[in-house]
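Enquirer: Residues in the sequence shown are numbered from 1253 upward in steps of one, following the working numbering. Pasting a structure here, questions to come.
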Amino acid sequence: MFNYALAQNKGHEEDFKAALKQTVPHLFGDHQSCGQWCGYHQGQQSYKHKGLPYGRPLTGDSLREDMDAIFRVFIANSDKIAPGGSTKDVESFNNMVATKAPKRMYLSSSDSLLNRVACAVAQKNDGHSYINTLNNSLCMSPGRLMAERAELKRRRSAK
Ligand SMILES: [Zn+2]
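Structure, rendered in structure tokens:
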């Protein structure tokens, strides 16, 4: 949904922001603010959500809160995202999220989803050294080997 919103509204910040604001309500079956892109308005009751189990909308208050929290970050940064960074960047971030919250584990109803996505964001922004930063702030061992490995990964990805 996120990638679709970006692809359809690349370079149009306000439209992109509007699409992001529609995304979570849409996924939870509230189509009042959806645009023409939403299949519900063509098929009404018979509309099935593509990519969701049994085509049903998402449910659950805590999942909704987590999704709203995640999308608030994207909405607040829509001016930076709308110009459309390279697809490579988006893909690499998608891969980071996918390694931390694999679809096969079906974490949609899990409390850990927000933390997992937050880890992917930290890794994207700060590199693998985020793990040591986190450990330090929790007064845990800084991990010399992890620091070396994070530096190695940073140098590799800078090439
Ligand atoms: Zn909709």
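Glycine is no exception: its CB is placed at the ideal position from the N, C-alpha and C atoms.
1. By DSSP, does Asn1329 sit in helix, in strand, or in coil?
2. For a test of your reading of the model: does the CB of Cys1371 fall under 7 Å from any non-hydrogen atom of ligand 1? Yes or no.
3. Would you grab the beta carbon distance between Ala1353 and Leu1365 for me? Rounded to a whole angstrom, and I think it's under 8 Å.
4. Got a sec? Which residues, its chain only, sit under 6 Å from His1380 by beta carbon, not counting five neighbours each side?
5. Taking 5 Å as the limit, name every residue whose beta carbon sits nearer than that to some heavy atom of ligand 1, in sequence order.
6. Fully enclosed by the region 1284 to 1317, which alpha helix (DSSP H) runs are 4 residues long or longer?
7. Could you say which of Phe1280, Gln1294, Leu1272 and Lys1269 lies nearest to Leu1315 if we only look at CA atoms?
8. Tell me where the alpha helix (DSSP H) around Asp1378 begins and ends.
9. Going by alpha carbons, who is nearest to Ala1328 out of Lys1376, Met1253, Glu1266 and Asn1347?
10. Check His1278 in the structure and name its three-state DSSP category.
11. If we define contact as Cβ-Cβ less than 8 Å, is Leu1315 a contact residue for chain B?
12. Figure out for me which residue from Gly1336, Pro1309 and Tyr1299 has the closest Cα to the Cα of Tyr1256.
13. Do Ala1399 and Asn1388 have their CB atoms nearer than 8 Å?
14. Here's the rule I'm using: 16 or more other beta-carbon atoms within 10 Å means buried, otherwise exposed. How should Met1392 be labelled?
15. Classify Lys1302: buried if its beta carbon has 16 or more other beta carbons within 10 angstroms, exposed otherwise.
Expert: Reading it off the structure:
1. coil
2. no
3. 6 Å
4. Ala1402 and Lys1405
5. His1278, His1283, Cys1286, Cys1290 and Tyr1292
6. 1292 to 1295
7. Ranking the options by Cα distance to Leu1315, first place goes to Phe1280.
8. Leu1365 to Asp1378
9. Glu1266
10. helix
11. No chain B appears in the structure shown, which is made up of a single protein chain.
12. Gly1336
13. no
14. exposed
15. exposed
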